Amino acid sequence: MRKIDVHEVIDNARFNRFHWMVLFWCALIIIFDGYDLVIYGVVLPMLMKEWGLSPLQAGALGSYALFGMMFGALFFGPLSDKIGRKKAITLCVMLFSGFTVLNGFARNPTEFGLCRFIAGLGIGGVMPNVVALMNEYAPKKIRSTLVAIMFSGYSVGGMLSAGLGIVLIPSFGWQSVFYVAVLPLLLLPLIMYFLPESVGFMLRQGRNEEARHVLERVDPAYVALASDQLHMSEVKGTGTPVLQLFREGRALRTLMLWLAFFCCLLMVYALSSWLPKLMANAGYSLGSSLSFLLVLNFGAIFGAVGGGVLGDKLNLPRVLAVFFVVAAASITLLGFNSPMPVLYLLIALAGATTIGSQILLYACAAQFYSMTIRSTGLGWASGIGRNGAIVGPLLGGALLGISLPLQLNFMAFALPGAVAALAMTVFAISDQRSAKGAVQTLAPTSA
Numbered sequence: 001m002r003k004i005d006v007h008e009v010i011d012n013a014r015f016n017r018f019h020w021m022v023l024f025w026c027a028l029i030i031i032f033d034g035y036d037l038v039i040y041g042v043v044l045p046m047l048m049k050e051w052g053l054s055p056l057q058a059g060a061l062g063s064y065a066l067f068g069m070m071f072g073a074l075f076f077g078p079l080s081d082k083i084g085r086k087k088a089i090t091l092c093v094m095l096f097s098g099f100t101v102l103n104g105f106a107r108n109p110t111e112f113g114l115c116r117f118i119a120g121l122g123i124g125g126v127m128p129n130v131v132a133l134m135n136e137y138a139p140k141k142i143r144s145t146l147v148a149i150m151f152s153g154y155s156v157g158g159m160l161s162a163g164l165g166i167v168l169i170p171s172f173g174w175q176s177v178f179y180v181a182v183l184p185l186l187l188l189p190l191i192m193y194f195l196p197e198s199v200g201f202m203l204r205q206g207r208n209e210e211a212r213h214v215l216e217r218v219d220p221a222y223v224a225l226a227s228d229q230l231h232m233s234e235v236k237g238t239g240t241p242v243l244q245l246f247r248e249g250r251a252l253r254t255l256m257l258w259l260a261f262f263c264c265l266l267m268v269y270a271l272s273s274w275l276p277k278l279m280a281n282a283g284y285s286l287g288s289s290l291s292f293l294l295v296l297n298f299g300a301i302f303g304a305v306g307g308g309v310l311g312d313k314l315n316l317p318r319v320l321a322v323f324f325v326v327a328a329a330s331i332t333l334l335g336f337n338s339p340m341p342v343l344y345l346l347i348a349l350a351g352a353t354t355i356g357s358q359i360l361l362y363a364c365a366a367q368f369y370s371m372t373i374r375s376t377g378l379g380w381a382s383g384i385g386r387n388g389a390i391v392g393p394l395l396g397g398a399l400l401g402i403s404l405p406l407q408l409n410f411m412a413f414a415l416p417g418a419v420a421a422l423a424m425t426v427f428a429i430s431d432q433r434s435a436k437g438a439v440q441t442l443a444p445t446s447a
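Residue numbers for the sequence shown follow the numbering used here, so the first one is 1 and each next one is one higher.
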C-alpha cells in the first residue's frame with residue numbers, strides 16, 4: 001500500500017492538457033462574469049437619459065448588483081466547502097446569466113434593480129469558487145501566474161462589454177448588450193461536463209477512485225493503484241467556521257486582506273461605473289468615453305499577468321503594495337488635463353493597478369488560506385470587499401451630484417489606493433514574521 005501526498009503530486013506536476021482545460025473553463029466563466037458586471041457602466045449614460053435618473057439614483061441603481069455580490073460571496077463561498085465547487089459554480093452561472101438576460105426586458109428602475117441584485121448573487125458567488133478551484137490544481141511554481149491569467153477573463157469581459165456597447169447600442173438600443181448574456185446558459189452543459197470537482201472535496205466525500213483518476217490527469221507520471229491511500233492533511237474538517245480565519249496567527253493578515261479588498265473594489269467599481277460619465281462631462285464623446293473603459297480593462301490584463309509573474313518570483317503581498325501606490329498616483333493624475341496618449345497611458349495604468357490588483361488579491365488570499373477554509377476565506381474577503389464595491393458607485397454619484405471639479409472627483413477615487421498600500425505592507429510584514437516564527441519553531445525539531 002502506497003501513501004500518496006496529494007499536495008506533492010499537484011505542486012510538482014508539469015503544466016499539461018488538464019491544467020489548460022481547468023484554466024480555459026474557469027477563465028471563460030470569469031469572462032462572462034466580468035461582462036455581466038461591467039455592462040452597467042456601459043449603459044449608464046443611456047439609462048440616466050431614458051429614465052431621468054439623477055447621479056445619486058444612478059449610483060444607487062449600480063449598487064444593487066454589488067449588494068447581491070456581497071451576499072453571493074458570503075453565501076456561496078462557504079456553501080461550496082459543503083456541496084463542492086462544481087455545484088456551487090453551476091448555480092452561480094445560472095443566476096448571473098439568466099437574470100442579466102432578464103435585465104434587457106426591464107421596463108423601469110425597480111425591475112432593473114431587482115434583476116441586477118439577483119444576478120449579483122451569482123456574480124459574487126462564482127468568483128471565490130473558480131479562484132479556489134484554479135489555485136487547487138495549479139502547479140506551485142506558477143500558481144499566482146495561472147490564477148492571474150484566469151482572472152484576467154474579468155477584464156476581457158469588461159472589454160467585450162465596452163466593445164459591444166460601441167457596436168450594438170447605437171443600432172439596437174441598450175437592451176441588446178444584455179441579451180448577449182444568454183451565452184453562458186447555452187454553454188452550461190459543457191461547463192458541467194468538463195470542469196473537474198475539487199480533489200479535496202472528493203476525498204472528504206470518500207470518492208477515492210475518482211480522486212485517483214483526476215490525479216493521473218494532473219500528473220501523467222503518477223500511475224494510480226487501487227490500493228493507493230491518498231493523503232491530504234487539510235481535508236479532515238467538515239465545514240469550517242469563519243472563526244478559523246482568525247486562528248493560528250491569521251487574525252491581523254485576515255483583517256488587512258479585508259481592508260485591501262474593500263479599498264481595491266471601491267476604486268474598481270467607482271471607475272467602472274463612472275469613468276464614461278465623468279469623461280463625457282469633461283467633453284469627450286460617448287464613443288471616446290466607452291473607449292476609456294476599454295483601455296481600463298485592457299490595462300488590467302497586463303497588470304494581473306505581470307503582477308502574477310512578479311508575485312511568483314518575488315513576494316506577492318509586496319508587489320500588491322507597490323501596485324496600490326501606482327494606482328493612487330495614476331488615478332489622481334486622471335483629473336488633470338493631459339495629451340490624449342498620456343491620458344490613455346494613465347487609464348491603462350489605473351486599470352493595471354486597480355482591476356489587476358483585485359485579481360492578484362484573490363491569488364494572495366487563495367495562497368494564504370489552507371484548503372479546508374480556502375473558499376470560506378475567499379468568500380468572506382470578497383464579501384467584505386463588496387462593501388467597498390457598493391460604496392464606489394454611490395460615492396461617484398454623490399460627488400457628481402455636488403458638482404465637484406474633475407480633479408477632486410479623481411482624488412477621492414485615489415485615496416483608497418493609499419490605504420490599501422498600507423494594508424498590504426502590514427500584511428507582508430506580518431507574513432514575514434510568521435514565516436520566521438515557523439522556521440524557529442521547527443529548528444529544534446530538525447536538530
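All C-beta atoms, glycine included, are put in the ideal place defined by N, C-alpha and C. Since this is a predicted model, take the numbers as computed values, not measurements.
Of the residues the options, the one placed nearest residue i, counting alpha carbons only
i: Gly385; options: Ala181, Cys264, Leu188; result: Cys264
i: Ala13; options: Phe67, Ala27, Met340, Tyr137; result: Tyr137
i: Ser482; options: Lys3, Pro45, Val42, Asp81; result: Outside the modelled stretch of the chain, which goes from 1 to 447, sits residue 482, for which no answer is possible.
i: Leu95; options: Leu114, Thr110, Asn108; result: Leu114
i: Met150; options: Ala321, Gly303, Pro170; result: Gly303
i: Phe201; options: Trp174, Phe292, Val177, Ile83; result: Ile83
i: Lys87; options: Ala381, Ser97, Glu197; result: Glu197
i: Leu190; options: Gln432, Cys26, Lys3; result: Cys26
i: Gly308; options: Ala148, Ala270, Trp258; result: Ala148
i: Ala350; options: Met424, Pro317, Ser272; result: Ser272
i: Gln229; options: Val242, Glu248, Arg217, Gly206; result: Gly206
i: Tyr40; options: Leu91, Thr100, Trp380; result: Thr100
Where residue i sits in the DSSP three-state scheme
i: Leu404; result: coil
i: Leu314; result: coil
i: Thr431; result: Here the sequence assigns Asp to residue 431, which means Thr is not the residue at that position. Looking at Asp431 - three-state DSSP - the assignment turns out to be helix.
i: Gln205; result: coil
i: Asp228; result: coil
i: Asp219; result: coil
Distance CB(residue i)-CB(residue j) smaller than 8 Å
i: Ser161; j: Val38; result: yes
i: Leu483; j: Ile31; result: Outside the shown range of the chain, which is 1 to 447, sits residue 483, and nothing can be said about it.
i: Gly68; j: Gly124; result: yes
i: Met256; j: Val426; result: yes
i: Leu294; j: Leu275; result: no
i: Met279; j: Phe292; result: yes
i: Val199; j: Val180; result: no
i: Leu451; j: Ser338; result: Past the edges of the chain, shown from 1 to 447, lies residue 451, and the structure says nothing about it.
i: Val383; j: Leu74; result: Before going on, a small fix: residue 383 reads as Gly here, not Val. Going by C-beta atoms, Gly383 is nearer than 8 Å to Leu74.
i: Val156; j: Gly306; result: no
i: Met134; j: Leu23; result: yes
i: Ala260; j: Met424; result: yes
C-alpha gap between residue i and residue j, whole angstroms
i: Val342; j: Leu186; result: 41 Å
i: Ile29; j: Phe112; result: 23 Å
i: Phe117; j: Gly397; result: 19 Å
i: Ala251; j: Leu245; result: 7 Å
i: Gly59; j: Asn129; result: 28 Å
i: Met232; j: Thr372; result: 10 Å
i: Gly335; j: Ala412; result: 10 Å
i: Gln407; j: Leu400; result: 12 Å
i: Leu361; j: Ser144; result: 10 Å
i: Leu183; j: Ala221; result: 37 Å
i: Ile359; j: Val126; result: 14 Å
i: Pro78; j: Val93; result: 17 Å
i: Leu404; j: Asp5; result: 59 Å
i: Ala282; j: Phe18; result: 49 Å
i: Leu266; j: Leu320; result: 16 Å
i: Leu61; j: Pro45; result: 13 Å
i: Ala365; j: Ala300; result: 19 Å
Cβ shell of residue i (< 6 Å), same chain only, five flanking positions each side left out
i: Ala327; result: Thr353, Thr354, Gly417
i: Val9; result: Leu215, Asp219, Tyr222
Cut-off 8 Å between Cβ atoms - residues of its own chain near residue i, not counting five sequence neighbours on either side
i: Ile142; result: Phe15, Asp312
Same chain, Cβ closer than 7 Å to residue i, five either side skipped, listed in chain order
i: Leu168; result: Ser176, Val177
i: Leu121; result: Gly68, Phe71, Gly72, Leu95
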